[in-house]
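The next block holds one structure in the form of structure tokens; read it before the comments.
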Amino acid sequence: MGGQTSGGAGTAGTRSIVIDEPFAPAANWSLETDDAFVLTKAGCLETLVRYETSGAIKPMLATSWTQTTPTTWDIKLRRGVTFQDGTPLDAKAVVGALKQALAAKTPAPGFSPKTIDGVTAVGGSTVRMTTPGPDALLPYRLASPNTGILAPKAYSGTSTNPKGTCTGPFRITKEIPQQAIQLKRNSSYWGGSVKLASAEVRFIADAAKRATQVQTGEAQISRKLSVPSVQDLKGNGTVTVRTEQLPRTTELVLNNKKAPFSNEKVRQAFRAAIDTKAITSAVYQGTGRPAVGPFAPGEPWTPEGAAPVKADPAKAKALLTEAGVAPSAIKVQLIAYNEGSGFSDLAAVIQQELKAIGVKATIRTGDYASVEPDLLSGGFQAALLSRNHLGDMPDPAGYLTADYTCKGNYNLSHYCDPKTDALIQKAAATKDAKARYADYAKVAARLQADAVDVFLAHETESVAVASGVKGFAVHPYYTLTADLTLNTK
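Quick note: to get our numbering, add 659 to the position in the sequence shown (first position is 1).
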């Protein structure tokens, strides 16, 4: 496609666009996985509720939601919406899609049998959901791409099929496995006119290649640029680089159940050995900020006065002495998966900082898919991880539940504290946002106090956008939208 017009007419309505993304679908489009995010960014999959980067949630396929009892919500569906195969979006279809999500072998953290008791149709346009306990956050759960709604036909085969079964402004016409999907305008889109005629979303793991494609005009939007690519694009008159703060933190995950990190003093020693200020300067070159915990300064759930932990190698050595562990006795393997932005450089810096206190660290690299089994099973000691705390749902409860509760399904740290569990559960049941955020801040402070992990840097996302692209905004869920346009000379 290459951003050329289709049909030869020069109007915006006949334009095509190419978008480069770093991650390809990896789970046959199963919506309980990150494949759902691929589909929402491609303008195909939609959810009942839309998440705004301001933190607000707005109607999407649902027009309203009402908590009728502490454990019951009624969701009113938008009338007149059809799936791309022509079948109507009604309560029966929505219930079927959501039950598929709940029945998954590994359901999404924010929407699972642990959080949802039942989903039933009440008439043709109302969906009733019940929860095991009081839950003020159900609408936020329904904004996650993992709760996207596909037509019944999508689930009739051995894998999920989004082709022709979405409700979004674009429909998939062709998939080139692990390389690209091609899409055309959904002429029957419920949201009104779709400005672009077609699009191609390419999956390119190499950040330098993604940046080059925008420079050469092969692509018009390239997401998740590396720091070197951002520097290379400076001064390019045909490309704009947009950098936005993300609700995402790079952390060194420590396996709290595996030696040497079962010892809190050792965890504290590692944290004291690592210079987050130097890391953000050397590795991120000003595009990240030293971490103050899991949440960044300025977020409403960050503890007041939170500050980065200052590097202190002498203190680190003293803590190891208190722990009764000789630095030379510690042999740590540090996992750095290839898709992590700058992870190879970051791992090398940490390796040298640990060497300075007498600790030997080796580095293991590989694609995320190759290291994930060890991460999930607990067969590792330490690993670099980039984690979006609004990824599971647009409220920190999803992230905190998944990563830091005793039975959390992404609790790589193997951290378990009943008091922390109770605090997270209390927050999720709290309607008042200010009070809920105060509880999240308490959890963040507890994670820092216990040195559960070493929080390294608060991240940004840099996106290269070609001149002529209008209507684009950096968003964790949506890239290709009905309002996106491309004007070329």
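We put the beta carbon where it would ideally sit given N, CA and C, even for glycine.
Item                                                                                                                                        : Value
Can you give me the C-alpha to C-alpha distance between T817 and L704, rounded to a whole angstrom?                                         : 19 angstroms
So what's K893 in DSSP terms, helix, strand or just coil?                                                                                   : coil
What residue does the beta strand (DSSP E) around L993 start on, and which one ends it?                                                     : K990 to Y996
Less than 9 angstroms separating the beta-carbons of K917 and V984?                                                                         : no
At the level of alpha carbons, what is the spacing between A756 and V1102?                                                                  : 33 angstroms
Using only the alpha-carbon positions, how far apart do S885 and G1001 sit?                                                                 : 7 angstroms
From the DSSP secondary-structure annotation, give me the bridge partner or partners of I840.                                               : E834 and V860
On the CB-based measure, 16 or more other CB atoms within 10 Å of its CB, does K700 come out buried or exposed?                             : buried
Is N1070 helix, strand or coil when you go by DSSP?                                                                                         : coil
For D1026 versus Y1069, is the C-beta distance shorter than 9 angstroms?                                                                    : no
From this set, I1016, N820 and V1018, which residue's C-alpha is nearest D744's C-alpha?                                                    : N820
Let me confirm a value: A1006 is counted as buried when at least 16 other C-beta atoms fall within 10 Å, else exposed. Which label applies? : buried
State the start and end residues of the unbroken alpha helix (DSSP H) segment that holds V697.                                              : D694 to K700
If distances are taken between C-alpha atoms only, which option among L1071, A813 and L801 comes closest to S1036?                          : L1071
Going by DSSP, what residue range makes up the beta strand (DSSP E) through Y1027?                                                          : Segment Y1027 to S1036 is the alpha helix (DSSP H) holding Y1027; no beta strand (DSSP E) there.
In whole angstroms, what is the alpha-carbon distance linking T939 and S815?                                                                : 48 angstroms
Would you say R674 and T1138 are within 9 angstroms of each other, going by their C-beta atoms?                                             : no
Specify, as a first and last residue, the run of the beta strand (DSSP E) that G777 falls within.                                           : G777 to V781
Considering Y1096, what are the terminal residues of the alpha helix (DSSP H) in which it resides?                                          : A1092 to A1108
State the start and end residues of the unbroken beta strand (DSSP E) segment that holds T728.                                              : A721 to T728
For the beta strand (DSSP E) containing L877, list its first residue and its last residue.                                                  : With the sequence shown as reference, residue 877 is identified as Glu, and Leu is not the correct amino acid for it. That residue, E877, is in no beta strand (DSSP E); it is neither H nor E in DSSP.
Would K990 be called buried (16 or more neighbouring beta carbons within 10 Å of its own) or exposed?                                       : exposed
Looking at chain D, is there any beta carbon in it that lies within less than 9 angstroms of the beta carbon of V1111?                      : Although the question refers to chain D, the structure presented lacks it and comprises just one protein chain.
Among A928, G952, I716 and T902, whose alpha-carbon lies nearest the alpha-carbon of T909?                                                  : G952
What did DSSP end up calling K1019 once you bin it into helix, strand or coil?                                                              : strand
G792: which of K812, T731 and R844 sits nearest, CA to CA?                                                                                  : T731
Quick one: does the C-beta of G714 sit closer than 8 angstroms to a heavy atom of the ligand NAD?                                           : The ligand content of the structure shown is nil, which means the ligand NAD is not present either.
Have a look at G999 and P768 and give me their C-alpha separation to the nearest angstrom.                                                  : 22 angstroms
With 16 other CB atoms within 10 Å as the buried threshold, where does S1121 fall?                                                          : buried
Alpha carbon to alpha carbon, how far is V697 from P798? Give it in angstroms, no decimals.                                                 : 21 angstroms
Could you give the DSSP three-state label for A1116: helix, strand or coil?                                                                 : strand
Helix or strand or just coil, what does DSSP make of Y710?                                                                                  : strand
Does A1041 come out as helix, strand or coil in the three-state DSSP assignment?                                                            : strand
Would you list the residues sitting across from I676 in a DSSP beta bridge?                                                                 : A858
Quick check: the Cα distance between A878 and A966, rounded to an integer number of angstroms?                                              : 40 angstroms
Would you mind stating whether L1115 and L1013 have Cβ atoms separated by less than 9 angstroms?                                            : no
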